[in-house]
Amino acid sequence: MTQTLPPQEKVHGLMINTDLSKGPFYIDGMDTTPKLFRKRCQNLGDRTAHREKRFGIWRSHSWDDYFTRAKYLGLGLLSMGLKPGAVVSILSEDSKEWMYTDMGVQCVGAICAGVYTTDSAVQLEYLVNNSDSRFLLVENDEQLDKFLQVRDHMPGLIKVIVINRDGLHDFKDPQIIFLDDLYGIGAAYDAANPSAFDTLIDATKPEDTAILVYTSGTTGKPKGAMISHGNLIYSVSAGLHDGPVFDTDDQLCFLPLCHILERVFSVNGPIAAASTINFAESPETIFDNLQEVSPQTFVAVPRLWEKIYSQVAIRIGDATGVQKWAYAQALKSGAARAKCLAYGKPLPIGTKLAYRFWDFALLQNLRRMIGMDRLRRGGSGAAPISPDLLQWYHSIGVPVLEGYGMTESSGIISINSEIANKIGTVGPAVPGSQIRVAVDGEVQYTAGNVFQGYWKDREKTAETFTQDGWLRTGDIGTLDNQGFLTITGRLKDIIITAGGKNVTPAEIENKLKFSPYISDAVVIGDKRKFLTCLVMIDQENVEKFAQDRRVPFTNYASLCAAQEVQDLIRETVDDVNQDFARVEQIKDFRLINVLLTADDDELTPTMKLKRSFVEAKHNKLISQMY
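Going by this note's numbering, the sequence shown opens with residue -14, and the numbers climb by one from there.
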């Protein structure tokens, strides 16, 4: 029986639904990621699918490798008892094996769930049990130790598969096998059942749950968002419609693949676009890896964009007077060009010539220094970003475009594009979707990528939808007359001062974070007479500031306590205060004098401060300010 597809159109080399307002959704005739994955691997064969750096050398792995490893992994799990609709969890840093697991599990009709490597053994226990995981893949001996600490409390697990044997060559346990052994089991199953994998791929349906993505758990236990194959096909179709990625593009994967942004951008998007993924060695090497890869398209969280800017700002601070003047002139010419482009105006000849000169003399070298000399399109998401910061990137010739989404929308709701970009907004709704703003200011959304609900939690699922079925985002925003959405804060984060004034802290916090010396900030003031702020300094830049001025310090805490550092942050706070009304100004601040990492409760894996945790944990600091 021949399948009749809804009307299709070619967009940036892909055939997608002409009308994305209703499903089922297709990319190149395929309605699930496993089917599209198979098609790409068959067509691309020995072309490079991804690269990773081993022993200082970037090594390539083909689409053939991708398909074969995914097949053997999926069939191996199947032969050991994995059933369609069951869950497999993976606890690992980003790697090709992470992708093999993700696609292998989905291809045999099961569901893949990621676990952050920063999670504790107790958190691992909760996630495995909550998801009813039947199998668990762990990266190495360190992650295996977490399982061993709590194995007696995870009775539903059939097997644990270890990816890396290092340090475990003599290790034996009846419940634990190594990935190479799993590949062997899968290869044997494939040899005995040569059509099984294709049959299972053909059986996948758009309405089947493809992945579980757990929320960060800032207001209670993490919840597993169920995202279907149809949700993912829609998100990729809508995202690539306005933010094209091409088969010649290199991308850099560095955010945890557990996070919906990186999952869609580095797994599903490249399968559709046939682009090449390069795995960053670690979060610590991201800047070196950016220079080495120089991607054509790159998506990051505001924290990274802020860090790149702060590194440049510090270098300029150390430059000679002539160099500072040249930099200022280059920025001026870049800003004039960016303004014309933003409004769709032709470039005046003077602006064009000035930019051409300064681009040749300075800006192209600056872009090369930060690994963005080939960048066609940068993206920022997962948290608000300062408009001033975006303006700086556009001025140096790096088009960073802000988008907006959430786990429950399969990663995307709105996006700025090269032809429709307004700095300070998160763009218009993606094709086929609708956004509305409720009476209380909440942004609400409906589209083909709205999730299926929370795993085993009907009550929370019901709370997430309006009576007429729209997704409650929990964010406050406005829509302009051109449909551009501006996010002003979180509904739950609104500060109502003792005087009854409503304040949304996000704009103030973003202004503070534009300073190269501040990595994050939390504005305090709910039911209080005035606003205060908890500040987390940028360790590297503040240390350099202290060393240049011979400010003595012995550790992070003493650095935060130094009067010169306190004065530095006070100066920044005072400057920011000038942009706000008196009721919105910061009257006092305190520095969080403990260096936070993603292992700490206060930070999400994408390095955002969790407001509720910060306020609770640092209550004594807050009390000092009132």
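Using N, Cα and C, we set each Cβ at its ideal position, and we do this for glycine too.
Nothing here was measured: the structure is a model prediction, and the numbers come from that model.
Give the straight-line distance between the Cα atoms of Asp358 and Gly382, rounded to the nearest whole angstrom.
For the purposes of this step, residue 358 is taken as residue 373 along the sequence shown, with counting starting at 1. For the purposes of this step, residue 382 is taken as residue 397 along the sequence shown, with counting starting at 1. C-alpha separation (whole angstroms): 9 Å.
For Tyr174 and Leu58, which I take to be in contact (beta-carbon distance under 8 Å), what is that distance rounded to the nearest angstrom?
For the purposes of this step, residue 174 is identified with residue 189 of the sequence shown, where counting begins at 1. For the purposes of this step, residue 58 is identified with residue 73 of the sequence shown, where counting begins at 1. Contact between Tyr174 and Leu58 does not hold, since their C-beta atoms are separated by about 11 Å, which reaches or exceeds 8 Å.
From Leu581 to Asp104, what does the alpha carbon distance come to, in whole angstroms?
As a first step, residue 581 is located in the sequence shown; it is residue number 596 there, counting from the start. As a first step, residue 104 is located in the sequence shown; it is residue number 119 there, counting from the start. So the alpha carbons of these two residues sit roughly 15 Å apart.
Any idea if Met(-14) is buried or exposed, counting beta-carbon neighbours within 10 angstroms, 16 or more meaning buried?
Taking the first residue of the sequence shown as 1, we reach residue -14 at position 1. With a pLDDT of only 45 at Met(-14), under the threshold of 50, the placement of this residue in the model should not be trusted, and no figure is reported.
In this structure, does DSSP put Cys238 in helix, strand or coil?
Here residue 238 is taken as the residue at index 253 of the sequence shown, counted from 1. If DSSP states are grouped into helix, strand and coil, Cys238 belongs with the strands.
For Tyr219, which residues of its own chain have a beta-carbon under 8 Å away from its beta-carbon, when the five flanking residues on both sides are left out?
Here residue 219 is taken as the residue at index 234 of the sequence shown, counted from 1. Scanning its chain for C-beta atoms nearer than 8 Å, with the 5 sequence neighbours on each side dropped, one finds around Tyr219 the residues Leu5, Gly8, Phe10, Ser395, Gly417, Ala432, Gly433 and Asn434, in chain order.
Using a Cβ-Cβ cutoff of less than 6 Å, which residues in the same chain neighbour Glu403 once the five nearest sequence positions on both sides are dropped?
Mapped onto the sequence shown, residue 403 falls at position 418. Closer than 6 Å at the Cβ level, and outside the excluded window around Glu403, lies no residue.
Drop a sphere of 10 angstroms on the beta-carbon of Arg596, count the other beta-carbons inside from all chains shown, and report buried for 16 or more, exposed for fewer.
Translated into the one-based positions of the sequence shown, residue 596 becomes position 611. Buried.
For Val286, does the three-state DSSP call read helix, strand or coil?
Position 301 of the sequence shown, counted from the first residue, corresponds to residue 286. Three-state result, Val286: coil.
Pull up the distance between the alpha-carbon of Leu242 and that of Val73, whole angstroms please.
Here residue 242 is taken as the residue at index 257 of the sequence shown, counted from 1. Here residue 73 is taken as the residue at index 88 of the sequence shown, counted from 1. The alpha-carbon atoms of Leu242 and Val73 are separated by roughly 15 Å.
Could you tell me the boundaries of the beta strand (DSSP E) in which Ile1 lies?
Along the sequence shown, one-based indexing puts residue 1 at 16. From DSSP, the beta strand (DSSP E) with Ile1 extends over Leu(-1) to Asn2.
Note down, in chain order, each residue of its chain lying with its Cβ closer than 8 Å to the Cβ of Phe342, except the 5 sequence neighbours on either side.
Looking up residue 342 in the sequence shown gives position 357. These residues qualify, in order along the chain: Ser318.
Measure the alpha-carbon distance for Gly141 versus Cys97 and round it to whole angstroms.
If you number the sequence shown from 1, residue 141 lands on position 156. If you number the sequence shown from 1, residue 97 lands on position 112. About 16 Å.
Just tell me which of Glu110, Asn114 and Ser80 has its CA closest to the CA of Asn125.
Numbered from 1 along the sequence shown, position 140 holds the residue referred to as residue 125. Checking every option, the nearest Cα to that of Asn125 belongs to Ser80.
Is Trp83 helix, strand or coil when you go by DSSP?
Working through the sequence shown from its first residue, we reach residue 83 at position 98. Note: Trp83 maps to helix in three-state DSSP.
Have a look at Asp158, Ser371 and Thr463 and flag the residue whose alpha-carbon is nearest the alpha-carbon of Gly561.
As a working note, residue 561 is residue 576 in the sequence shown. The sequence given here has Val at residue 561, not Gly. Val561 has its Cα closest to that of Ser371, out of Asp158, Ser371 and Thr463.
Do you know how far the Cα of Thr517 is from the Cα of Ala491?
Looking up residue 491 in the sequence shown gives position 506. Looking up residue 517 in the sequence shown gives position 532. So the two alpha carbons sit approximately 13 Å from each other.
From which residue to which residue does the alpha helix (DSSP H) around Asp559 run?
Along the sequence shown, one-based indexing puts residue 559 at 574. From DSSP, the alpha helix (DSSP H) with Asp559 extends over Gln548 to Asn562.
Tell me which residues share the same chain as Ile245 and place their Cβ nearer than 7 Å to its Cβ, disregarding the 5 neighbours each side in the sequence.
Counting from 1 along the sequence shown, the entry for residue 245 is found at position 260. Taken in chain order, the residues that qualify are Val198, Thr392, Ser395 and Gly396.
Going along the chain, which residues of its own chain have a beta-carbon closer than 7 Å to the beta-carbon of Asp87, five neighbours each way excluded?
For the purposes of this step, residue 87 is taken as the residue at position 102 of the sequence shown. Excluding residues up to 5 positions away in sequence, Cys97 and Val252 lie with their Cβ nearer than 7 Å to the Cβ of Asp87 in the same chain.
Where does Pro369 land, buried or exposed, given buried means 16+ other C-beta within 10 angstroms?
Taking the sequence shown and counting its residues from 1, the one referred to as residue 369 is at position 384. Result: buried.
Taking just the CA atoms, how far does Gly363 sit from Gly228?
As a position in the sequence shown, residue 228 is number 243, starting the count at 1. As a position in the sequence shown, residue 363 is number 378, starting the count at 1. About 10 Å.
Given 8 Å as the limit, is there contact between the region 455 to 465 and the region 320 to 338, that is, 3 or more CB pairs closer than that?
no
Count the CB pairs spanning the region 510 to 525 and the region 568 to 582 that are closer than 8 Å, and state whether there are at least three.
yes
Taking 8 Å as the threshold, find out whether the region 278 to 286 comes into contact with the region 309 to 328 through three or more Cβ pairs.
no
Determine the closest residue to Trp440 out of Arg32, His35, Ile42 and Ala71, with distance taken between C-alpha atoms.
As a first step, residue 440 is located in the sequence shown; it is residue number 455 there, counting from the start. Closest option to Trp440, Cα to Cα, is Ala71.
Using 8 Å as the Cβ pair cut-off and three pairs as the minimum, do the region 457 to 476 and the region 407 to 425 touch?
yes
What three-state label does DSSP hand Asn466 in the structure shown?
One-based indexing of the sequence shown puts residue 466 at position 481. Asn466: coil per DSSP, three-state reduction.
Is the beta carbon of Asp16 less than 8 Å from the beta carbon of Pro191?
Locating residue 16 in the sequence shown gives position 31, where the first residue counts as 1. Locating residue 191 in the sequence shown gives position 206, where the first residue counts as 1. Yes, Cβ-Cβ distance for Asp16 and Pro191 is below 8 Å.
Report all residues from its chain with a CB closer than 7 Å to the CB of Ala601; omit the five preceding and five following residues, and keep chain order.
Here residue 601 refers to the residue found at position 616 of the sequence shown. For Ala601, where only same-chain residues beyond five positions count, there are no Cβ hits under 7 Å.
Do the CB positions of Ala195 and Leu217 come within less than 8 Å of each other?
Counting from 1 along the sequence shown, the entry for residue 195 is found at position 210. Counting from 1 along the sequence shown, the entry for residue 217 is found at position 232. Going by C-beta atoms, Ala195 is nearer than 8 Å to Leu217.
Give me, in chain order, the residues of the same chain whose beta-carbon lies closer than 7 Å to that of Ala423; leave out the 5 immediate sequence neighbours on both sides.
Your numbering for residue 423 matches position 438 in the sequence shown. Within the same chain, Ala423 has close Cβ partners Gln429.
Mind checking who Pro413 pairs with in its DSSP beta bridge?
On the sequence shown, residue 413 is found 428 positions in, with the first residue counted as 1. Bridge partners of Pro413: Phe469.
May I ask you to verify whether the region 561 to 570 touches the region 496 to 516, counting CB pairs closer than 8 Å and requiring at least 3?
yes
Short check: CB of Asp460 to CB of Ile481, under 8 Å?
Against the sequence shown, residue 460 aligns to sequence position 475. Against the sequence shown, residue 481 aligns to sequence position 496. Not closer than 8 Å, so no.
Over what stretch of residues does the alpha helix (DSSP H) that includes Met610 continue unbroken?
In the sequence shown, counting from the first residue as 1, residue 610 sits at position 625. For Met610, no alpha helix (DSSP H) run applies, since DSSP gives it neither H nor E.
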